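Student:
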Amino acid sequence: MSTTDDLLARTLREEAGPLVAWLSRRFGDFDLAEEAVQSAVVEALSTWRRDGPPQRPGAWLQVGATRNAMDGMRRRDRQRALGTRVDVPAHDDGAHATDDRLALLFACCHPALAPEARLALTLRAVVGLTTPQIARAFLVHESTLAQRIVRAKRKIVSAHIALSVPSESELTERLADVLAVVYVMFNEGFVSSAGATQDRDLAADAVWLAGVIATALPDEAEAWGLAALLTIQHARSRARFADGDLVLLRDQDRTLWDAAAIAEGERLIERAASLRRAGPYQLQAAIAAVHATGPSWAETDWLQIALLYDELARFDSSPVVQLNRAVARAQVVGPAEALDQLDHLAERLEDYHLFHATRAQLLSDLGRDDEAATANRRALELTTNDAERRLLTTRLHRRRLDDGS
Amino acid sequence: MKYVLMYTSRPDLAAGTDPEAAQAIYKRVYDWFGENAGVMADSGAELLGVETATTVRHSPDGAVVVDGPFSEAKEVIGGFSVIDVADMDAAIAVVKTWPMLDLPGVAVEIRPMVEDYSQFE
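Which chain is which? The protein sequence lines are G and F, in order.
The opening residue of the first sequence carries number 1053 in my numbering; numbering runs sequentially from there.
The opening residue of the second sequence carries number 5 in my numbering; numbering runs sequentially from there.
1. Helix, strand or coil for F:THR84 per DSSP?
2. Would a check of beta-carbon distances place F:MET44 closer than 7 Å to chain G?
3. Span of the alpha helix (DSSP H) holding G:SER1216?
4. Need the endpoints of the beta strand (DSSP E) that F:PRO116 sits in, please.
5. Leaving out five residues before and five after G:SER1348 in sequence, what residues of the same chain have Cβ atoms less than 8 Å from its Cβ?
6. Please list, in chain order, all residues of the same chain as G:LEU1355 whose beta carbon is under 6 Å from its beta carbon, the five residues on each side excluded.
7. Could you check what DSSP says for F:GLU119 in three-state terms: helix, strand or coil?
8. Assess, as a yes-or-no matter, whether the segment 18 to 31 of chain F is touched by the segment 100 to 109 of chain F under the definition of 3 or more beta carbon pairs within less than 8 Å.
9. Applying the criterion that 16 or more other CB atoms from any shown protein chain within 10 Å of the CB defines a buried residue, is G:TYR1361 buried or exposed?
10. In terms of DSSP beta bridges, what is F:LYS31 paired with?
11. May I ask you to report which of helix, strand or coil DSSP gives G:LEU1097?
12. So, under 8 Å CB-CB, G:LEU1060 and G:LEU1097 are touching, yes? Tell me the CB distance rounded to an integer number of Å.
13. Is the CB-CB distance between G:ALA1037 and G:LEU1173 below 7 Å?
14. How is G:ALA1211 classed by DSSP in three states: helix, strand or coil?
15. Rounded to whole angstroms, what is the Cα-Cα separation between F:SER4 and F:ILE29?
16. In chain order, which alpha helix (DSSP H) runs of at least 4 residues are fully inside the segment 1148 to 1207 of chain G?
17. Would you list, in sequence order, the uninterrupted beta strand (DSSP E) runs of no fewer than 3 residues that lie entirely inside the segment 1341 to 1411 of chain G?
18. Could you pull the start and end residues of the beta strand (DSSP E) that F:THR12 belongs to?
19. Taking only beta carbons into account, state which residues of the segment 68 to 98 of chain F come closer than 7 Å to chain G, listed in chain order.
20. Is the number of C-beta pairs between the segment 1420 to 1431 of chain G and the segment 42 to 58 of chain F that are closer than 8 Å three or more?
21. Note down, in chain order, each residue of its chain lying with its Cβ closer than 7 Å to the Cβ of F:ALA95, except the 5 sequence neighbours on either side.
22. Return yes when the Cβ of G:VAL1179 is within less than 7 Å of the Cβ of G:ASP1229, no when it is not.
23. Would you mind telling me which residues of chain F sit closer than 7 Å to G:ALA1164, beta carbon to beta carbon, in chain order?
24. Measure the alpha-carbon distance for G:LEU1344 versus F:GLU24 and round it to whole angstroms.
25. Leaving out five residues on either side along the sequence, give the residues of the same chain with a beta carbon under 6 Å from the beta carbon of G:ALA1431.
26. Bridge partners for F:ARG61 per DSSP, in chain order?
27. What does the alpha-carbon distance come out to for the pair F:GLY38 and G:LEU1154?
28. Please report how far the alpha carbon of G:ASP1271 lies from the alpha carbon of G:LEU1261, in whole angstroms.
29. Name, in chain order, the residues that DSSP records as bridge partners for G:ALA1294.
30. Of all the CB atoms in chain F, is at least one closer than 7 Å to the CB of G:SER1091?
31. Mind reading off the beta-carbon distance from G:ARG1170 to G:VAL1233? Whole number of angstroms is fine, and I expect it under 8 Å.
32. What residues match up with F:MET44 in a beta bridge as DSSP calls it?
33. Quick one: is F:LYS100 buried, meaning 16 or more other Cβ sit within 10 Å of its Cβ, or exposed?
34. If we count the other Cβ atoms within 10 Å of its Cβ and call it buried at 16 or more, is G:GLU1067 buried or exposed?
Dropping the structure here:
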């Protein structure tokens, strides 16, 4: 990503959300406001790349988006033959920017919207991505994605989904939906970060957004937990790919990890823990912190990680957690017993590619190479991600070379 | 903003409910309508059983009358209310306290009502 693109990304994600919320309020129409900001973002991308960013990018966007909104309003009025004059909205001091962004975020992640639409809409309205950027990140057709976004926006308008932060009694439950969207956003960005065409770093945007949420809702432990988790994971991003290929945690060059970001993540964990309400994101953050502070894969505090996974399994019984728990235990009890434990999960995890990839690793540790190759092949059949596919192919290939030499 | 609440249930699942427990829930339903009287618009109805339903359906040779509900779905509509509240969150908050939701198979569909007819002009 170029420096200009990076600056563009930072500016757009700071400005887009509050601007959408502000225009929605001024014009009483979320759909119109979101469309106006999206057009201004597209204009900014081409103009700023060509001429460099303006002195006050926020004001530039606000003027452009407001003009677009008024044009849209006039077009709509003409269609309805009402012809009323549109009042120019007064300039806003941006004092409510954080609250506005949060309210917008809760609307975009509303449980009444289709789950697959929530992330797309959040990326566009809150983070300031364009539809083509989102389509590229998720490898979906632009038209499919655009349709999904349009449908969700229409529902927000026609069903009166309010742009507001939920009341105290609903807050924690609704926040879980929001945090889930940010978590998926990070993972999508994290997994696909090898993609050379990316001009937005989704993972970095997700780290930023998690920080914004936690700061705005300082009493929500899980919000701090997610911010901590993403900060620590992101600190390892430079070591996760080598020449576009995925590098496993055990093989990563730890000198490439961002020590300052890891320390920041640990501070965020402490902040979360001070609220004394444990939760899955905080536990995952704690696990990530143990990994991030271990001097090497072998010297990692595996017992602590295994215990943290035991705790995490109480909140989250998903295959990923079960599998990682088994991996951690393998380090404590050895590959033979771990393989035994893993095979107990076979029925539930049969269709999960990482189950077979993990089995392959354990079998290979035990010198059972043929079985390891079979498990790798099965994992390969099940994986959809390019970088993971290459990693598994390399493993199979290396095995064959070893056998042949 | 007006919303129509459509109360649905699954007769196949409701059959197994303990009659005493069901009686207690009906009592709570009565109270629920009292508590929410402030947001209820005057229309709304509880319907007789789905076995009393008659459907008039399009056919190329003219409308035909058939016995039964309009869809083969397992869910049947047992009644509807119209509420007038600020927004979707307020509607969801009301619906979440619907006592029948304690019974398996019960669901409430929330549909905004068209109030601005200018969009169709």
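Glycine residues also receive a C-beta, built at the ideal position from the N, C-alpha and C atoms.
Only a predicted model underlies this, so the values are computations on that prediction, with no experimental measurement involved.
Tutor: So, from the data block:
1. Indexing the second sequence from 1 puts residue 84 of chain F at position 80. Thr is not the amino acid found at residue 84 of chain F; the sequence shown has Phe there. It is a strand residue.
2. Start at 1 with the first residue of the second sequence, and residue 44 of chain F comes out as number 40. Not one chain G Cβ lies under 7 Å of F:MET44.
3. Your numbering for residue 1216 of chain G matches position 164 in the first sequence. Here G:SER1216 belongs to no alpha helix (DSSP H), and DSSP marks it neither H nor E.
4. For the purposes of this step, residue 116 of chain F is taken as residue 112 along the second sequence, with counting starting at 1. Segment 111 to 116, the beta strand (DSSP E) holding F:PRO116.
5. Position 296 of the first sequence, counting from 1, holds the residue named residue 1348 of chain G. So the qualifying residues of the chain are ARG1306.
6. Locating residue 1355 of chain G in the first sequence gives position 303, counting from the first residue. Answer for G:LEU1355: VAL1384, listed in chain order.
7. Residue numbering aside, residue 119 of chain F sits at position 115 when the second sequence is read from its first letter. Three-state DSSP puts F:GLU119 in coil, outside helix and strand.
8. yes
9. Mapped onto the first sequence, residue 1361 of chain G falls at position 309. Buried, because 16 or more other Cβ atoms sit within 10 Å of the Cβ of G:TYR1361.
10. To locate residue 31 of chain F, count along the second sequence from 1; it is residue 27. According to DSSP, which records beta bridges pairwise, F:LYS31 is partnered with nothing at all.
11. For this step, residue 1097 of chain G is matched to residue 45 along the first sequence. Three-state DSSP puts G:LEU1097 in a helix.
12. Indexing the first sequence from 1 puts residue 1060 of chain G at position 8. Indexing the first sequence from 1 puts residue 1097 of chain G at position 45. G:LEU1060 to G:LEU1097, Cβ: 6 Å. Contact.
13. As displayed, chain G neither begins before 1053 nor continues past 1457, which places residue 1037 of chain G out of reach and without an answer.
14. Residue numbering aside, residue 1211 of chain G sits at position 159 when the first sequence is read from its first letter. Three-state DSSP puts G:ALA1211 in coil, outside helix and strand.
15. Nothing about residue 4 of chain F can be read from this structure; chain F reaches only from 5 to 125.
16. 1149 to 1160, 1167 to 1173 and 1183 to 1190
17. none
18. For the purposes of this step, residue 12 of chain F is taken as the residue at position 8 of the second sequence. Taken as a continuous stretch (DSSP letters only), the beta strand (DSSP E) holding F:THR12 covers 6 to 13.
19. ASP91, MET92 and ASP93
20. no
21. Position 91 of the second sequence, counting from 1, holds the residue named residue 95 of chain F. Excluding residues within five positions, the ones whose Cβ falls inside 7 Å are TYR7, ILE87, VAL89 and ILE114.
22. The residue you call residue 1229 of chain G lines up with position 177 of the first sequence. The residue you call residue 1179 of chain G lines up with position 127 of the first sequence. Their beta carbons are not under 7 Å apart, which means G:ASP1229 does not touch G:VAL1179 by this criterion.
23. In the first sequence, residue 1164 of chain G corresponds to position 112, counting from 1. In chain order: MET92.
24. Here residue 1344 of chain G refers to the residue found at position 292 of the first sequence. Here residue 24 of chain F refers to the residue found at position 20 of the second sequence. First, the residue type needs correcting, since residue 1344 of chain G is Ala and not Leu in the sequence shown. So the alpha carbons of these two residues sit roughly 57 Å apart.
25. In the first sequence, counting from the first residue as 1, residue 1431 of chain G sits at position 379. So the list reads HIS1405, HIS1408, ALA1409 and LEU1444, once near-sequence residues are dropped.
26. Against the second sequence, residue 61 of chain F aligns to sequence position 57. For F:ARG61, which the question treats as bridged, DSSP gives the partners F:VAL68.
27. Sequence index remark: in the second sequence, residue 38 of chain F carries index 34 (1-based). Sequence index remark: in the first sequence, residue 1154 of chain G carries index 102 (1-based). Taking the straight line from one Cα to the other gives about 35 Å.
28. The count along the first sequence starts at 1 and reaches residue 1271 of chain G at position 219. The count along the first sequence starts at 1 and reaches residue 1261 of chain G at position 209. Going from the Cα of G:ASP1271 to the Cα of G:LEU1261 covers about 17 Å.
29. In the first sequence, residue 1294 of chain G corresponds to position 242, counting from 1. Per DSSP, G:ASP1297.
30. If you number the first sequence from 1, residue 1091 of chain G lands on position 39. Not one chain F Cβ lies under 7 Å of G:SER1091.
31. What you label residue 1170 of chain G is simply residue 118 of the first sequence in a count that begins at 1. What you label residue 1233 of chain G is simply residue 181 of the first sequence in a count that begins at 1. Between G:VAL1233 and G:ARG1170 the Cβ distance is about 5 Å, and since that is below 8 Å, they are a contact.
32. Along the second sequence, read from residue 1 onward, the residue named residue 44 of chain F stands at position 40. In DSSP, F:MET44 forms a bridge with F:ILE87.
33. In the second sequence, counting from the first residue as 1, residue 100 of chain F sits at position 96. When all chains shown are included, F:LYS100 counts as exposed.
34. Counting from 1 along the first sequence, the entry for residue 1067 of chain G is found at position 15. When all chains shown are included, G:GLU1067 counts as buried.
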